[in-house]
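Residue numbers (my numbering), protein chains in the order written: chain A, 104 to 345; chain B, 104 to 345.
Cβ coordinates follow ideal geometry from the N, Cα and C atoms, glycine included.
Since the structure comes first, as structure tokens, the remarks are kept for the end.
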DNA sequence: CGAAAAATGTTAGAATAATCACATTCCGGG
DNA sequence: CCCGGAATGTGATTATTCTAACATTTTTCG
């Protein structure tokens, strides 16, 4: 049905990857077809393109945030606020570790474009944010991809993490319990988080207050492992002892 | 001058982080101001927001992304055609290696959603494509990110690659020379490509014909290392000897 | 080849958004 | 309390985009 059509769609996607936005007119000229046809093409592929008032944008650009979970946006405001506290802790030329989770995606997004950093991560979403920052030197811990959390389990690749000099580690959690500490949903994340915390000069727990009192299957740290706990309500010193 | 104003800007950013896109009308209602004011606010902060035909999106969403090379789409059609040949070689439950470069991004995109595979890659762009395929088990070789090519240089993480059982490796090149073999622009890619080729049962070079006769700084393989060379003009057996 | 179907192009009128000039409100300092 | 300037709102005007119906071309297949 559509060898010509498929080619167009693909050319569009490529152009978008390069330019970010494409006006209907430009797209039509680029593809050598009428604007009407471009409109129809774009409309036929809502999963790849988003069409906004005459402009074409790659669909995942506007994906409504990264929504790892349905709850990803339920506390977006709180998460954003918590990240602002984290941002204030970052100094130029720091080497930071950014954990996974929607909370820290916000942190990665908000890193100023002109702040020089080395950032270590193991989440595809975080990596995509960091890749867009020209002054961030990114190190991604690879391995087997886990779709549920958009992270990689490092396995054999984990060991070199211990040799990286981490200045500040920003860690998130699915649950925070004063007695038992911080927990998350995915077991493969545990060794990575622990290694990052162990190797960092200072670690900070970044969560929104809705996580307090929750418990997830995998505990990975005591609250006393953190120098501070950053929430939308402000930064507080972590309890000195579990 | 603007404590009220700053608050609005922040509220807008929050809403955007949550919703992805915001229509002028919604934004005005949300902030409790007139559409004109929202228009002015957004226009005053081009570094945070992009305004497209009545819709507001976060600026870094539309950041203009990857651009591996200026030539990325100049041969999009050819690259796509070359990938179709590659696709035909892939069987269910294969373990494949996908090299970097815009050509192979097309390959990753075109993997059918219902084809179960294990795929190894080291390019952020390819990884993003593979992450969208529910039946692909992805392994990403991490390391230091190289923005110019959107790839990772594996360094210490490279060694485990040798222990992965690769069924078919699909390799791209920036230049193909009958005498001297295949070359690429970035030196850090050389050991990865070589290790993949060495570890794979069969390797295939996927390029468009515009690459023939070109020479890039880093040679990484002889043409006889490949079982076949796949171009938009079809698959041909690789020369038996350099 | 020839008919049917799909894809593309064209047009005009309706809907929507952008711009501008000016009216109004809000706020801090005499 | 009043004044001046900044911020905001309003409405008319102009420009742009959207929609849908229909004309034309291209492809498919008997």
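Run of the alpha helix (DSSP H) containing residue i, from where it starts to where it stops
i             : result
residue 284/B : Run containing residue 284/B: none in the alpha helix (DSSP H); it sits in the beta strand (DSSP E), 284-287.
residue 292/B : 292-302
residue 144/A : 138-147
residue 261/B : It is not in any alpha helix (DSSP H) - residue 261/B carries neither H nor E in the DSSP assignment.
residue 205/B : 205-213
residue 339/B : Careful: residue 339/B lies outside any alpha helix (DSSP H), inside the beta strand (DSSP E) at 337-340.
residue 230/B : 227-234
residue 333/B : Segment 331-334 is the beta strand (DSSP E) holding residue 333/B; no alpha helix (DSSP H) there.
residue 276/A : Taken as a continuous stretch (DSSP letters only), residue 276/A belongs to no alpha helix (DSSP H), as it is neither H nor E.
Closer than 8 Å to chain A by CB, residue i
i             : result
residue 112/B : no
residue 273/B : no
residue 209/B : yes
residue 250/B : yes
residue 255/B : yes
residue 132/B : no
residue 176/B : Legend: pLDDT at residue 176/B = 49, less than 50; position of this residue unreliable, value from coordinates given subsequently. Answer yes: the Cβ-Cβ gap between residue 176/B and chain A drops below 8 Å somewhere.
residue 312/B : no
residue 205/B : yes
Among the options, nearest to residue i - alpha-carbon criterion
i             : options                       : result
residue 279/A : 151/A, 328/A and 148/A        : 328/A
residue 215/B : 196/B, 262/B and 204/B        : 196/B
residue 273/A : 133/A, 186/A, 236/A and 124/A : 186/A
residue 209/B : 117/A, 246/A, 297/A and 308/A : 117/A
residue 291/B : 247/B, 222/B, 139/B and 219/B : 247/B
residue 324/B : 239/B, 297/B, 262/B and 307/B : 297/B
residue 193/A : 320/A, 183/A, 113/A and 305/A : 305/A
residue 311/B : 339/B, 321/B and 137/B        : 339/B
residue 308/A : 288/A, 320/A, 322/A and 330/A : 330/A
residue 232/B : 233/A, 250/A and 235/A        : 250/A
residue 123/B : 111/A, 150/A, 288/A and 162/A : 162/A
residue 255/A : 203/A, 235/A and 283/A        : 203/A
residue 319/B : 284/B, 337/B, 261/B and 133/B : 284/B
residue 226/A : 271/A, 147/A, 289/A and 259/A : 289/A
residue 337/B : 211/B, 191/B, 286/B and 128/B : 191/B
residue 217/A : 150/B, 259/B and 241/B        : 150/B
residue 240/A : 241/B, 253/B, 265/B and 234/B : 253/B
residue 257/B : 271/B, 223/B and 134/B        : 223/B
residue 212/A : 322/B, 120/B and 114/B        : 120/B
Chain-ordered neighbours of residue i on chain B, where CB pairs are closer than 9 Å
i             : result
residue 138/A : What residue 138/A touches in chain B: nothing, since even the nearest Cβ is about 14 Å away.
Residue i and residue j closer than 8 Å at C-beta
i             : j             : result
residue 293/A : residue 326/A : no
residue 200/A : residue 303/A : yes
residue 275/B : residue 206/B : yes
residue 335/A : residue 230/A : no
residue 156/B : residue 126/B : no
residue 295/A : residue 244/A : yes
residue 267/A : residue 238/A : no
residue 188/A : residue 317/A : no
residue 236/A : residue 277/A : no
residue 130/A : residue 159/A : yes
residue 263/B : residue 259/A : yes
Cross-chain neighbours of residue i in chain A, by beta carbon under 7 Å
i             : result
residue 263/B : 259 and 260
residue 306/B : The premise fails here: residue 306/B is roughly 21 Å from chain A at the closest Cβ pair, so nothing lies under 7 Å.
Unbroken beta strand (DSSP E) run spanning residue i, endpoints
i             : result
residue 243/A : 239-243
residue 224/B : 220-224
residue 131/A : No beta strand (DSSP E) holds residue 131/A; the alpha helix (DSSP H) holding it covers 127-134.
residue 322/A : 321-324
residue 156/A : Note, residue 156/A: premise wrong, no beta strand (DSSP E); not H, not E.
residue 200/A : 198-201
residue 247/B : 246-249
Per-residue contacts from residue i into chain A (C-beta, under 8 Å)
i             : result
residue 242/B : 245, 246, 247 and 248
Minimum Cβ-Cβ distance from residue i to chain B less than 8 Å
i             : result
residue 189/A : no
residue 234/A : yes
residue 334/A : no
residue 337/A : no
residue 340/A : no
Chain A contact residues for residue i, given Cβ-Cβ distances below 9 Å
i             : result
residue 238/B : What residue 238/B touches in chain A: nothing, since even the nearest Cβ is about 10 Å away.
Residue i: contacting residues in chain B (beta-carbon distance under 8 Å)
i             : result
residue 231/A : 227 and 231
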